[in-house]
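First up is the structure itself, then whatever we jot down about it.
Residue numbers (this note's numbering): 11 to 254.
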């Protein structure tokens, strides 16, 4: 059963990579163009841009410390104890594929946060318009003339229509993002679940071999759980903004 583990991971990673290559050629270019055109008219604020950069740095750092040290240490143990280049190369390629899938997850989360920021801006603008409208209706005596009233109320109507168009555009972008990453993320979640099961199986039922230790296994378990949670959480937070 354990011998199936690297093969299952390698096959899943290969399918994910092929899908990424196809999507990048067929869909991703159009998606990036749409988002770029949107941001020309509605650029992201400085605060949200700084938050996006911080998110990227934090996620890349966490992925790096949860993946690279453990994989490098495992490769060292394989080389030290077995001196078998074929096994070393196979495991190395599997780890490279895994890192490649991790990069896809990071890219997805960055795009998700970009859409989340756009939803947040739309909701903030809608809240501002709502507050102004309530104030106008609650204190009509502030309006000195019918002309002043037309000037203040009608722009709000146009602004609401514009916000509806922006909201529809970002909702369509969420659908596009789901279309682009659905297969890759599905494979990533499946692989993480399979790796989690196999590692738990090894800890419970078998003795640790020379190239594995509780330190490595706990490190891998932490990595799988972290990746699983962060992808699901980012997707949930982004889609939740649609209903706000």
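Even for Gly, the Cβ is constructed at its ideal location relative to N, Cα and C.
With 16 other Cβ atoms within 10 Å as the buried cut-off, status of residue 50 = Numbered from its first residue, the chain shown carries residue 50 at position 40. It counts as exposed.
Can you tell me whether residue 235 is buried or exposed, with buried defined as 16 or more other CB within 10 angstroms of its CB?
-> In the chain shown, residue 235 corresponds to position 225, counting from 1. The residue is exposed, with fewer than 16 neighbouring Cβ atoms inside 10 Å.
Hey, residue 195 and residue 71: beta-carbon distance below 9 Å or not?
-> As a working mapping, residue 195 is identified with position 185 in the chain shown. As a working mapping, residue 71 is identified with position 61 in the chain shown. Against a cut-off of 9 Å, the Cβ pair of residue 71 and residue 195 comes out as no contact.
Please confirm whether residue 240 and residue 199 have their CB atoms less than 9 Å apart.
-> On the chain shown, position 230 is the one that residue 240 refers to. On the chain shown, position 189 is the one that residue 199 refers to. Not in contact: residue 240 and residue 199 (Cβ atoms no closer than 9 Å).
According to DSSP, is residue 53 helix, strand or coil?
-> Against the chain shown, residue 53 aligns to sequence position 43. In this structure, residue 53 counts as coil in the three-state DSSP scheme.
Would you decide whether residue 126 is buried or exposed? Buried here means 16 or more other CB atoms lie within 10 Å of its CB.
-> For the purposes of this step, residue 126 is taken as residue 116 along the chain shown, with counting starting at 1. Using a 10 angstroms sphere on the CB of residue 126, the tally of other CB atoms reaches 16 or more, which defines it as buried.
Measure the alpha-carbon distance for residue 159 versus residue 32 and round it to whole angstroms.
-> Translated into positions along the chain shown, residue 159 becomes position 149. Translated into positions along the chain shown, residue 32 becomes position 22. Residue confidence for residue 159 is low, a pLDDT of 48 falling below 50, so the modelled location carries little weight; the figure read from the coordinates is stated next. Straight-line Cα distance between these residues: approximately 55 Å.
Leaving out five residues before and five after residue 121 in sequence, what residues of the same chain have Cβ atoms less than 7 Å from its Cβ?
-> Reading the chain shown from its first residue, position 111 is the one you call residue 121. Within the same chain, residue 121 has close Cβ partners 187.
Near residue 77, what residues of its chain come up, given a Cβ to Cβ distance below 7 Å and the 5 sequence neighbours on each side ignored?
-> Against the chain shown, residue 77 aligns to sequence position 67. Correct list, in chain order: 109, 112 and 233.
Could you give the C-beta distance for residue 95 and residue 85, rounded to a whole number, given that I count them as a contact under 8 Å?
-> Here residue 95 corresponds to residue number 85 of the chain shown, with the count starting at 1. Here residue 85 corresponds to residue number 75 of the chain shown, with the count starting at 1. Contact flag wrong, Cβ pair sits at about 12 Å.
Using a threshold of 9 Å, state whether the C-beta atoms of residue 193 and residue 25 are closer than that.
-> Your numbering for residue 193 matches position 183 in the chain shown. Your numbering for residue 25 matches position 15 in the chain shown. Their beta carbons are under 9 Å apart, which means residue 193 touches residue 25 by this criterion.
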